[in-house]
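Notes for the one structure printed next.
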Amino acid sequence: MLSPHFLENGAVKNSSSTQSVEQDTDGYHKMNIAIIGAGLIGRLLALAFLRAKHHITLFDKDTKLAHNSAAYAAAGLLTPLGESLHCQPNIVKMGFESLHLWPKLLASLDEHTIFQQTGAIMVSHEQDKGDYQRFVRHLHNNYAEHAVQNLNRQELTALEPELGRSFNQGLYLPQEGQIGNRRLLIALRKQLEQEGGNNKLNWLSECLVTAIKHGEHSTQVSYTLTRNSTQQSHHAPFDLVIDCRGTGATLKNAKQACAPLADLRSVRGELFQLFAPAVNISRPIRLMHPRYQLYIAPKGKGFYVVGATEIESDDDSPMTVRSAMELLSAAYSIHPGFAEANIRQHISQCRPAFSDNQPKISVLTTDNQSRLIQVNGLFRHGFLISPVVVQQVLALVAAIEQPTSDTSDLTNTELPYSELLPVDFIAVKNNQMKEVI
Ligand SMILES: Cc1cc2nc3c(=O)[nH]c(=O)nc-3n(C[C@H](O)[C@H](O)[C@H](O)COP(=O)(O)OP(=O)(O)OC[C@H]3O[C@@H](n4cnc5c(N)ncnc54)[C@H](O)[C@@H]3O)c2cc1C
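Numbering (my numbering), first residue to last: 25 to 461.
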């Protein structure tokens with residue numbers, strides 16, 4: 025294992041890759057892993073690998089608050105059927121599987137995170153009834169095994185008393201849920217700080233990773249501290265690098281030396297956080313809309329998230345007037361009480377997506393065992409599917425850890441979710457690694 029030496033300024037200085045294998049007395053004798061990106065998937069993986077007794081260095085260009093991540097901007101909906109009209113069936117399956125996995129994961133965190141699985145309701149205005157009926161048929165034809173309930177006004181009122189005033193009918197999807205995405209980021213930060221004590225975790229926040237290169241039996245990471253004006257570059261070798269940069273890995277945002285993902289793009293999303301104490305809605309409400317998948321997500325104590333636009337653009341400038349009008353009028357049309365709501369926040373952020381809108385895990389390995397795993401393209405489904413993604417990456421790294429493993433072995437590795445989330449194994453010649461990644 026490469027042994028990291030942590031400097032006082034938070035940087036990491038690793039010893040040479042030729043050093044002898046170190047045996048830690050506390051059982052931390054496995055790999056020295058760099059995780060790039062401390063957004064949703066980076067934090068979850070960092071915790072999972074800490075618990076698997078690896079040394080972790082976690083890089084993020086942002087502060088530990090992660091206010092510039094997609095994870096912070098998100099609504100936290102866990103609604104596989106609600107998404108199903110616009111995504112492939114494997115995403116829906118991973119969503120249902122993750123709904124089983126979240127409670128166990130959250131129970132292992134000391135800090136409480138809101139998790140609710142009391143269903144979601146789909147409603148429609150008269151002019152969008154055609155789309156609504158199409159959605160009902162789609163569920164019936166493709167997801168008949170999942171419980172779905174048509175509600176008349178009386179039944180709708182019984183479930184969500186304040187919705188019955190605006191709608192004659194609704195569709196109840198009882199298995200859908202939601203998670204407190206911002207609370208989760210905080211809970212994961214605290215857990216990482218607690219379990220990562222004694223130098224098991226080195227969290228380098230405000231560190232921009234600028235290059236990822238192969239080395240002799242190691243993968244090298246170069247980075248600069250963004251809070252320093254000097255822009256001095258640091259370099260460190262790792263047994264394994266896991267890249268979870270989200271939109272930071274697009275061709276536009278990552279230089280050629282920093283393993284850009286050519287097919288990755290940014291998809292702009294905008295949403296509001298409203299304070300509406302006069303509104304009482306207890307579960308996510310989706311509204312049929314010709315342009316967006318609109319929803320209201322109750323966040324407790326009178327707070328609601330109203331989102332989200334989906335625009336093919338990497339622009340993360342503030343919300344446009346057009347989007348604001350569409351989102352707010354949709355909220356008002358669902359419940360007139362939103363007219364008196366305070367706008368607490370308007371958010372614009374980009375989702376990372378590949379051209380097929382599928383998540384991808386790829387492993388690049390050189391002859392001399394320099395390794396890079398890239399986990400990206402979670403698009404609008406990061407919270408919906410991340411527990412499955414984490415399990416898949418954990419199993420993959422467990423296979424890599426085997427002393428005998430080479431790339432040809434890895435391609436035959438049995439992974440728990442191979443059918444839902446296949447892994448791309450890419451073997452590259454040592455001298456080509458730099459160009460490929
Ligand atoms: C408006 C909106 C609403 C959404 N709603 C939902 C929802 O309801 N349900 C759901 O399941 N999903 C939702 N999502 C999607 C979800 O947020 C994303 O799928 C998820 O956050 C992606 O996780 P990630 O870890 O890949 O990226 P991120 O969470 O964006 O994390 C990437 C991290 O990498 C860091 N980084 C980037 N480049 C570098 C670099 N060079 N060096 C160091 N650090 C770097 C960034 O600072 C960031 O912290 C929504 C997204 C948006 C934008």
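Cβ coordinates follow ideal geometry from the N, Cα and C atoms, glycine included.
Member of the options whose CA lies at the smallest distance from the CA of residue i
i: Arg158; options: Met118, Gly106, Pro376; result: Gly106
i: Gly119; options: Ile450, Leu444, Phe449, Val452; result: Leu444
i: Ser357; options: Gln141, Ala278, Phe191, Phe378; result: Phe191
i: Gln369; options: Phe327, Thr333, Asp380; result: Phe327
i: Arg213; options: His313, Glu364, Leu74; result: Leu74
i: Glu230; options: Leu68, Leu434, Ala98, Ala90; result: Ala90
i: Glu364; options: Ile371, Ala355, Ser246; result: Ala355
i: Asp155; options: Leu232, Leu311, Val447; result: Leu311
i: Gln393; options: Cys282, Glu240, Asn114, Asn436; result: Glu240
i: Ser93; options: Cys111, Leu129, Ile60; result: Ile60
i: Pro113; options: Gly221, Asn56, Leu163, Ile309; result: Leu163
i: Phe299; options: Arg177, Lys323, Ala283, Asn436; result: Lys323
i: Thr250; options: Asp86, Leu288, Asp263, Arg346; result: Asp86
i: Gln218; options: Val172, Leu71, Leu195; result: Leu71
i: Ile320; options: Val147, Pro127, Ile57, Cys111; result: Val147
i: Pro22; options: Val291, Gln416, Ile367; result: A question about residue 22 goes unanswered here, because the residues of the chain that appear run from 25 up to 461.
i: Gln280; options: Gln297, Asp263, Ala235; result: Ala235
i: Asn381; options: Thr344, Ser341, Glu334; result: Glu334
i: Asp84; options: Leu125, Gly63, Thr103; result: Gly63
i: Pro360; options: Asp391, Leu318, Ile305; result: Ile305
i: Ala131; options: Val330, Leu434, Leu208; result: Leu208
i: Lys88; options: Ala422, Leu109, Arg206; result: Arg206
i: Arg307; options: Gly204, Ala348, Gln215, Met343; result: Gly204
i: Gln140; options: Asn174, Gly201, Arg161; result: Gly201
i: Asn165; options: Leu109, Glu179, Leu175, Lys153; result: Leu109
i: Ala423; options: Leu434, Lys325, Val414; result: Leu434
i: Val233; options: Ala168, Cys282, Leu351, Ala286; result: Cys282
Own chain, CB closer than 7 Å to residue i, minus 5 neighbours either side, in chain order
i: Ala211; result: Leu133, Glu135, Thr137
i: Asn277; result: Thr271
i: Ala182; result: none
i: Leu129; result: Pro411
i: Thr42; result: Reliability fails at Thr42, whose pLDDT of 30 lies under 50, so the model's placement of it is uncertain and the value that follows must be treated cautiously. Closer than 7 Å at Cβ, skipping near neighbours: no residue.
i: Pro284; result: Ala273, Thr274, Leu275, Ala278
i: Val414; result: Leu68, Leu69, Ala72
Extent of the continuous alpha helix (DSSP H) to which residue i belongs
i: Tyr156; result: 153 to 166
i: Asn226; result: Asn226 -> not in any alpha helix (DSSP H); beta strand (DSSP E) instead, spanning 225 to 228.
i: Ala58; result: No alpha helix (DSSP H) holds Ala58; the beta strand (DSSP E) holding it covers 56 to 60.
i: Lys128; result: 113 to 131
i: Pro322; result: No alpha helix (DSSP H) contains Pro322, which is instead part of the beta strand (DSSP E) from 318 to 324.
i: Ile335; result: Element bounds for Ile335: n/a, residue is neither H nor E.
i: Ile385; result: From DSSP, Ile385 is part of no alpha helix (DSSP H) but of the beta strand (DSSP E) over 384 to 390.
i: Val147; result: Here Val147 belongs to no alpha helix (DSSP H); instead the beta strand (DSSP E) covers 144 to 147.
i: Pro440; result: From DSSP, Pro440 is part of no alpha helix (DSSP H); its letter is neither H nor E.
i: Thr467; result: It is not possible to answer for residue 467, since the shown part of the chain is limited to 25 through 461.
i: Asn205; result: 205 to 219
Beta-carbon contacts of residue i that lie in its chain and below 6 Å, excluding the five residues immediately before and after
i: Ala332; result: Gly293, Leu295
i: His405; result: Ile115
i: Gly66; result: Ile59, Cys268
i: Ile397; result: Ile266, Val387
i: Pro198; result: Gly143, Ala171
i: Arg177; result: Gly188, Asn192
i: Lys54; result: Lys77, His78
i: Gln297; result: Val329, Arg368, Gln369
i: Asn366; result: Phe299
Terminal residues of the beta strand (DSSP E) in which residue i lies
i: Ser246; result: 242 to 249
i: Glu294; result: 289 to 299
i: Gln415; result: Counting along the chain, Gln415 falls outside any beta strand (DSSP E), though it belongs to the alpha helix (DSSP H) covering 406 to 425.
i: Phe449; result: 447 to 452
i: Thr17; result: No answer is possible for residue 17: it lies beyond the span of the chain, which begins at 25 and ends at 461.
Residues near residue i in its chain [Cβ-Cβ closer than 8 Å; skip 5 each side]
i: Asn33; result: Reliability of the predicted coordinates at Asn33 is poor, the pLDDT of 46 falling under 50, and the value obtained from them is presented with this limitation in mind. The residues are Leu249.
i: Leu408; result: Leu101, Leu102, Thr103, Pro104, Glu107, Ile115, Met118, Gly119, Ser122
i: Ile450; result: Ser386, Val387, Leu388, Thr389, Val460
i: Leu462; result: The requested residue 462 does not occur in the structure, where the chain is confined to residues 25 to 461.
i: Glu186; result: Val303, Asn304, Ile305, His359, Gly361
Q.
Does the contact criterion of 3 or more C-beta pairs under 8 Å hold for the segment 214 to 225 versus the segment 71 to 89?
A. A contact is defined here as three or more CB-CB pairs under 8 Å, and the segment 214 to 225 meets this definition with respect to the segment 71 to 89.
Q. Is the segment 381 to 390 touching the segment 251 to 260, taking contact as three or more C-beta pairs under 8 Å?
A. Contact between the segment 381 to 390 and the segment 251 to 260 is absent, because fewer than three Cβ pairs lie under 8 Å.
Q: Evaluate contact between the segment 393 to 409 and the segment 367 to 383, counting only Cβ atoms and requiring at least three cross-stretch pairs below 8 Å.
A: Judged by Cβ distances under 8 Å, the segment 393 to 409 makes contact with the segment 367 to 383, as three or more pairs qualify.
Q: Determine, using beta-carbon pairs with one atom in the segment 240 to 248 and one in the segment 96 to 113, whether at least three such pairs fall under 8 Å.
A: Pairwise C-beta distances place the segment 240 to 248 out of contact with the segment 96 to 113, as fewer than three of them are shorter than 8 Å.
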